[in-house]
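The numbers in the working numbering rise by one with no breaks, and the one at position 15 of the sequence shown is 15. These notes are about the structure you will find just below.
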Amino acid sequence: MANHKKTHKPRKPQRHLPKVGTPANDAYRLKHSREDVLDFGLWHPANRRTTRVLGALAVVFILAMLVAFVFLT
C-alpha cells in the first residue's frame, strides 16, 4: 500500500456549489434551470442550425399529420 498515491486514478474536477439560501445559490439555480429549459441537455442553445432543422422537421411532421387527418375523415 506504499504506492497507493502513485497508482490512484485522479478524480474528476469538482465544482464548488454555493451554500443553500444565499443569493449565489439562487443565481446558480436560476442559471441552470434556464439552461435546462432551453436546451434539454441535448445541444447548446447557440447552435442555431440544429434548432432550425429540428423546428422545420416538427412543422413538416405536424402538417403531414393534419393532411392525413383531413383525408382520412
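Ideal placement from N, C-alpha and C gives every residue a C-beta, glycine not left out. Keep in mind the model is a prediction, meaning the values are calculated, not measured.
Q. How is VAL20 classed by DSSP in three states: helix, strand or coil?
A. coil
Q.
Assuming ARG52 is part of the alpha helix (DSSP H), what are its boundary residues?
A. 48 to 72
Q: Check the C-beta distance from LYS19 over to ASN25 and give it rounded, since I have them as a contact under 8 Å.
A: 6 Å
Q. Out of curiosity, what's the CA-to-CA distance linking ALA56 and PHE69?
A. 20 Å
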